[in-house]
Amino acid sequence: MHLNRTALEEGWSTETLVSAVVHRIFPGKIAVVSSFGAESAVLLHIVAGVDRSVPVIFLETGKLFPETLRYRDALISRLGLTDVRSVRPDPATLAAVDPDGKLWRTDPGLCCWHRKVE
3 MHLNRTALEE
13 GWSTETLVSA
23 VVHRIFPGKI
33 AVVSSFGAES
43 AVLLHIVAGV
53 DRSVPVIFLE
63 TGKLFPETLR
73 YRDALISRLG
83 LTDVRSVRPD
93 PATLAAVDPD
103 GKLWRTDPGL
113 CCWHRKVE
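Position 112 (the sequence shown) corresponds to 114 in our numbering; numbering is contiguous.
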């Protein structure tokens, strides 16, 4: 099955496409990565409508605003998401490269690298 072609030719809705991916094509092998920002709410709403137990991966950088975390928690509750997993940077690495937690002031790119990529 060529998913893109099938979805386009048959005029699948976004929900139908997500359902096919979650339940038929990659059952038990798919997750969604989300920042839980305002734009993420749409995708999370669609995923929750298909299967609230799809794992949602959230990157907890340790530098998020409290409002972001409250919004994340509100979305989880409102959408009934049941498997949200927070991924955090390695504490030993952060202690070595950003011991005072202020690397973002002098080198934001490097700070993001260690907290989001490495």
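Every residue, glycine too, gets a C-beta built ideally from N, C-alpha and C.
What are the boundary residues of the alpha helix (DSSP H) that includes residue i?
i, result
"residue 80", "68-81"
"residue 107", "105-108"
"residue 89", "Element bounds for residue 89: not the alpha helix (DSSP H) but the beta strand (DSSP E), 86-89."
"residue 20", "16-21"
"residue 93", "93-99"
If you measure between the beta carbons of residue i and residue j, is that distance less than 9 angstroms?
i, j, result
"residue 180", "residue 54", "With the chain running from 3 to 120 in the structure shown, residue 180 is simply not present."
"residue 50", "residue 13", "no"
"residue 72", "residue 86", "no"
"residue 22", "residue 77", "no"
"residue 103", "residue 64", "yes"
Among residues of its own chain, excluding the 5 on either side of residue i, which ones have a beta-carbon nearer than 8 angstroms to its beta-carbon?
i, result
"residue 89", "59, 60, 61 and 62"
"residue 48", "16, 17 and 20"
"residue 120", "91, 92 and 95"
"residue 5", "19, 22, 23 and 27"
How far does the beta strand (DSSP E) with residue i in it extend, from its first residue to its last?
i, result
"residue 52", "Counting along the chain, residue 52 falls outside any beta strand (DSSP E), though it belongs to the alpha helix (DSSP H) covering 42-52."
"residue 58", "58-61"
Looking only at its own chain, which residues have a Cβ that is under 6 angstroms from the Cβ of residue i, when we skip the five neighbours before and after it?
i, result
"residue 99", "116"
"residue 9", "19"
May I ask whether a heavy atom of the ligand NAD can be found less than 8 angstroms away from the beta carbon of residue i?
i, result
"residue 20", "The ligand NAD is not part of this structure, which contains no ligands at all."
Using a Cβ-Cβ cutoff of less than 7 angstroms, which residues in the same chain neighbour residue i once the five nearest sequence positions on both sides are dropped?
i, result
"residue 101", "none"
Going by DSSP, which residues form a beta bridge with residue i?
i, result
"residue 34", "58"
Meets three-Cβ-pair contact criterion under 8 angstroms: the stretch 67-80 and the stretch 24-33: No contact exists between the stretch 67-80 and the stretch 24-33.
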